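The sequence shown begins at 1 in full-length UniProt numbering and counts up one residue at a time. Where a beta carbon is used, it is the ideal one built from N, C-alpha and C, also for glycine. Everything numeric in this text was worked out from a predicted model, so none of it was measured.
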Amino acid sequence: QQQQQQQTQPRPLMAVGVAKPGVGIGSVQDRLRIRINNNNNHQNSNGTNGSSTPETSPALSSTGSDKLLTAANSFVASAAMQQLQIQQQPQFHKQRYIVKQQQQQQLQQQQLGEANGQHVIPPRIFQFNPKLDPMTSLSQYCVVRRYAPPAYSAIRSKFTRLYQCRVNVNGTIFSTYPNEYLHEHVAQISCAQKAIEQLKLQEARRPLPLFSEGDADLIDKLYNELKQHPHGIFAKNIPEIFEEAYKQSLPEHWWTLVQTSPKFTTESATNNAVIVFANEEADKEKAGATGAIIQMDGIALPWKQKYWQLYVTYCASTIDVWARLFGKEYGERFDGVMSEIEAHMSTQKTRPLSLACKNIYLVCINECWHRVRVEELDKPNATARCFFIDFGDSDWVAVSELYICEAQFLRLPAQAVPLSLFGLEDFAGNPNARRHLDAMLSSKSVVGEILTKESDFYNTESSACGKIQVVLYDTSTEEDVNLNSLLLSKICDDTPQPEIKHKGATNVLVSHICDEGDLYLQILNTDFKYVQKLIRQLIESKFKRDQHKITATDLKRSNLFLICEDSADGEAQWYRGALADMPNYRVEDEEFDIFYVDYGITRRTHISNIFRLESLSTALSKFPRQAIRARLHNIPPISKSIVGRMRALLPANCAAFVKMNKPGKLPYVTVYRRHESSDMLCNINEDIRMEAELESSTASNGEDDDALPINGKHLGLAKNGSGGSLNSPTTQQTFVEMTRGLTLTTSVPNSPQKVAELPKLQNYTAIPRDPNDFLEVRVTMSANPSNFTIQPYKDYPRLRDLMKELQEYCENNDEFIPADMVEIGQAYAAKNPDGFYHRVVVVNTYNGDMIHVCFCDFGDIAILRSDQLKILPAKYRQLPKMSIQAKLHGITATHGDWSLEDCLRFRQLTVGQKFVASIKRITYDKLGAPDTPILDLELIDVTTDEDVYIHEILLQEQRAVTNDKAASN
């Protein structure tokens with residue numbers, strides 16, 4: 001009984017070529033015969049040229065900022081435009097005649113292609129020809145998009161005698177309001193221009209699909225593309241080349257794949273540019289694992305028993321429930337290990353030198369120790385997201401509170417067992433489920449009926465892998481209570497209908513405007529995303545359609561159905577729907593009017609595309625309809641003209657703000673929307689009302705509102721409205737991934753955690769001591785002739801290989817070093833401004849988290865934070881520091897100190913170049929470490945016919961004097 005009480009007290013949750021020596025006498029060049037490799041300066045023009053995409057001008061609108069123009073200003077502006085148009089009329093009409101012939105030929109070709117059974121596909125993005133006049137260009141757009149020709153209507157004011165114009169393009173009306181013009185054709189040109197600018201924005205919203213075939217396929221495609229460019233491609237041009245080749249856009253992490261894959265090599269160019277090459281001699285062997293491996297056994301579950309006694313420790317969703325088992329091998333053993341941890345940590349606590357993901361640590365919360373696994377590191381905030389392996393929940397913990405978990409405490413398997421509630425899988429993302437789960441299950445002792453087989457649980461190819469489906473029972477009463485059924489009822493009864501706020505503004509999407517002028521709105525919240533997610537999961541399950549088809553009689557029995565709609569591109573879209581006019585259907589009918597309950601659209605649908613929703617998903621069939629019907633408040637009576645303006649001002653799936661004016665079954669609202677070009681907030685109701693009032697005071701000039709062509713099929717369903725193209729909310733980690741390593745025997749990587757395990761880097765010692773010997777070097781960094789850094793060139797291949805392996809290691813090992821664990825003189829890995837990882841040595845620390853480091857292979861220095869450092873494994877410490885401090889022998893600055901011009905000139909002569917160094921003397925740094933050598937040397941350029949001494953150039957340019965002359969002065 002005492003053990004039972006302990007179990008029921010849960011842990012409280014917290015809210016180049018190498019030179020070869022030659023034979024002979026004479027110059028240094030004759031003795032060394034250094035081969036020069038100029039490949040680094042050779043570039044392929046094909047790999048560096050990129051096409052530029054023309055920019056589209058910002059759209060002009062008939063509302064918003066146009067209203068700020070006064071009548072006088074608009075009159076003057078339009079008069080100037082009219083004079084220009086009158087002068088260009090002959091050319092204008094000739095041009096329209098020629099283009100009209102081209103359009104007719106193009107239309108005939110399309111019709112001929114369709115007659116021959118060919119499917120003519122319009123271009124993905126229509127490019128308006130800037131050389132054409134606006135009206136001709138707009139007509140060409142309608143031909144390509146297979147729309148009816150644009151319909152213009154002009155209005156002449158009774159008072160100003162000036163013209164306004166409107167144009168109808170596929171049911172959307174564009175207007176010149178409030179601008180007015182002297183001539184009718186000028187008003188038509190201006191109206192066509194405004195329509196084109198709005199249509200450009202709509203065309204620009206058709207992005208290329210994102211590449212989604214997996215990282216391996218992406219690497220292969222990039223590698224094949226780079227093989228066609230043996231001289232490489234600039235990294236900045238790769239996305240554009242990829243889009244042109246595959247008609248898909250690169251994912252955000254493509255550059256990380258290029259940096260870490262052995263199939264690519266990179267090279268720095270001028271102006272910080274990076275060139276990428278295909279590495280045809282790629283080493284396909286993966287770097288060996290470093291560090292010790294700690295084996296952690298998986299928990300042995302009692303599969304022979306049908307019913308398990310469980311203590312629920314955490315509930316995240318209906319498919320993400322965690323519990324511990326009762327019994328001698330579980331609860332009692334767990335209590336014993338926890339007692340050992342308490343006793344051990346009371347006398348000795350050791351913090352790790354660095355933190356790495358997937359490692360097990362100990363943390364103390366509310367005076368209780370817990371075993372945790374680091375899942376994610378937040379380096380700027382010095383926190384880690386930890387998974388409590390004995391409870392199942394996750395929480396953010398300060399890295400200073402994590403301690404080493406000794407091996408003896410890892411012999412006990414993780415005790416948290418993952419459960420999924422049978423029959424409630426569809427409610428996993430329900431926004432109201434969590435509250436009921438916490439109230440009914442958390443910290444409760446229950447009995448679970450196990451429905452998952454052991455073979456399915458451990459089969460990685462099974463859908464039940466890592467999940468134990470269970471029906472939970474409450475046995476504390478006289479009659480056992482099925483908690484799964486009780487939860488289902490409570491969740492369904494607790495889901496409210498969507499509604500517009502009575503006070504304040506509501507964020508919505510305008511999904512559809514029907515011919516009667518009614519708006520259909522979707523509230524921007526988690527409910528609609530939940531519906532989209534359920535539909536996507538249902539389609540991905542590839543259910544058997546034949547088992548869920550309906551008959552005409554079934555239509556009367558069910559309220560909601562699953563509707564399949566075939567789009568023009570061949571990709572099916574899926575929606576929830578209901579019968580629109582139930583009393584008027586007949587049993588022998590095959591097509592029915594279906595109302596899409598989440599969008600407000602009614603479409604004629606064949607019965608073969610209608611499926612029973614209740615048998616497919618209980619959650620979807622019971623979740624409230626998401627489309628809210630409303631009307632605009634205080635606008636003129638609805639007409640085709642008004643509906644056309646509403647659709648132009650509120651296009652399909654546009655975001656808006658809604659305020660309630662008159663609640664009721666059909667609420668009246670005011671809609672506000674931000675202007676796309678000026679970001680001003682526009683009152684849509686007021687815009688429609690003011691324009692209608694202005695039109696009523698003008699002569700119609702033969703205009704008839706009812707004659708305006710309105711496309712009744714303007715339904716406004718975006719491609720990503722539902723079905724397979726839905727975007728579900730991003731989850732931090734899948735359920736199966738979270739359970740991995742808890743119920744199976746796993747290997748936990750153990751990074752070096754104690755300073756004694758990490759030897760410090762040694763200085764470069766293979767320096768010639770004989771003045772007649774030479775050293776081939778490369779200058780990597782220069783402050784002035786008395787202070788620069790060199791690298792021994794013979795060891796450059798070793799450094800290059802180390803750097804390549806270091807990139808892959810650092811990209812795949814995310815660990816965090818607390819600031820107080822950084823040791824002066826110790827080596828780490830860190831990124832340089834070039835974006836690559838280098839070896840660094842800590843010189844000093846300042847003000848807590850300011851760390852002075854030296855890039856020990858190149859000579860640069862920098863100030864970093866501890867979260868920018870990574871532990872450098874022992875295999876990367878065998879190569880000594882490759883940067884050596886040096887100064888030119890026998891000279892000093894002419895005026896005592898090197899000027900800025902002197903420093904820049906010396907840098908121009910030396911940095912990045914290869915030389916033969918004649919070492920004259922070796923001294924040691926008095927201010928730094930006593931064993932840091934400084935080489936007093938001469939730099940000799942042997943790439944020309946005659947040897948060139950760098951110090952002699954400085955003497956000839958009078959930038960330096962010899963030491964003897966300086967001493968005599």
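Boundaries (first-last residue) of the beta strand (DSSP E) holding residue i
i, result
"Ile513", "Ala505 to Ile513"
"Ser476", "Here Ser476 belongs to no beta strand (DSSP E), and DSSP marks it neither H nor E."
"Arg145", "Counting along the chain, Arg145 falls outside any beta strand (DSSP E), and DSSP gives it neither H nor E."
"Lys304", "Premise fails: Lys304 is in no beta strand (DSSP E) and is neither H nor E."
"Cys364", "Ile360 to Ile365"
"Asn784", "Phe774 to Asn784"
7 Å CB neighbourhood of residue i in its chain, flanking five on each side removed
i, result
"Gln956", "none"
"Leu806", "Ala829, Tyr837 and Tyr876"
"Leu433", "Note on residue identity: the sequence assigns Ala, not Leu, to residue 433. Only Ser317, Thr318, Phe427 and Ile491 meet the Cβ criterion."
"Ala893", "Asp902 and Ala960"
"Leu872", "Ala827, Tyr828, Ala829 and Arg839"
"Ser615", "His548"
Buried versus exposed call for residue i [16 or more other C-beta atoms within 10 Å across all chains shown]
i, result
"Phe159", "exposed"
"Cys368", "exposed"
"Gly577", "buried"
"Met338", "buried"
"Arg545", "exposed"
"Arg921", "exposed"
"His512", "buried"
"Arg798", "exposed"
"Gly327", "exposed"
"Met646", "buried"
"Ala195", "buried"
"Asp964", "exposed"
"Pro431", "exposed"
"Pro833", "exposed"
Cβ-based neighbour list, residue i, same chain, cut-off 8 Å, excluding 5 preceding and 5 following
i, result
"Glu329", "Ala300"
"Leu613", "Ser558, Leu560, Phe561, Leu562, Arg576, Leu620 and Ser621"
"Cys465", "Asp456, Phe457, Tyr458, Asn459 and Val736"
"Ser386", "Going by the sequence as given, residue 386 is Cys instead of Ser. Cβ within range, chain order: Tyr361, Val363, Val372, Arg373, Val374, Glu375, Ser394, Asp395, Trp396, Val397 and Leu402."
"Ile861", "Val843, His852, Val853, Cys854 and Phe855"
"Leu879", "Asp795, Arg798, Leu799 and Leu802"
Same chain, Cβ closer than 6 Å to residue i, five either side skipped, listed in chain order
i, result
"Gln497", "Pro624"
"Pro90", "Residue confidence for Pro90 is low, a pLDDT of 41 falling below 50, so the modelled location carries little weight; the figure read from the coordinates is stated next. None."
"Ala692", "Pro636"
"Glu267", "Ile275"
"Glu811", "Thr260"
"Asn609", "Cys564"
Integer-rounded CB distance, given that residue j should sit under 8 Å from residue i
i, j, result
"Met882", "Asp795", "7 Å"
"Val843", "Glu823", "With a Cβ gap of about 12 Å, Val843 and Glu823 do not count as contacting."
"Ala278", "Lys263", "7 Å"
"Ala917", "Leu900", "That belief does not hold up - the Cβ atoms of Ala917 and Leu900 are roughly 26 Å apart, past 8 Å."
"Ile884", "Thr789", "7 Å"
"Asp814", "Leu377", "6 Å"
"Asn482", "Val471", "7 Å"
"Ile919", "Leu775", "6 Å"
"Cys165", "Ala154", "5 Å"
Host alpha helix (DSSP H) of residue i (start-end)
i, result
"His951", "Ile950 to Gln956"
"Glu244", "Ile238 to Tyr246"
"Tyr223", "Asp215 to Lys227"
"Ala343", "Arg333 to Thr347"
"Ser485", "Leu483 to Asp493"
"Gln415", "Where Gln415 is concerned, there is no enclosing alpha helix (DSSP H), given that its DSSP letter is neither H nor E."
Fully enclosed by the region 855-913, which alpha helix (DSSP H) runs are 4 residues long or longer? Taken in chain order, the whole alpha helix (DSSP H) runs of length 4 or more contained in the region 855-913 are 900-910.
I'd like the ranges of any alpha helix (DSSP H) spanning at least 4 consecutive residues and lying wholly in the region 426-452. Within the region 426-452, the runs of alpha helix (DSSP H) at least 4 residues long that lie entirely inside it are, in chain order, 433-440.
Entirely enclosed beta strand (DSSP E) segments - the region 563-623, minimum 3 residues: Counting only runs of 3+ residues, the beta strand (DSSP E) found wholly inside the region 563-623 occupies 572-579, 591-596, 601-606 and 610-612, in chain order.
I'd like the ranges of any alpha helix (DSSP H) spanning at least 4 consecutive residues and lying wholly in the region 639-685. Those alpha helix (DSSP H) runs which fall completely within the region 639-685 and span 4+ residues are 640-649.
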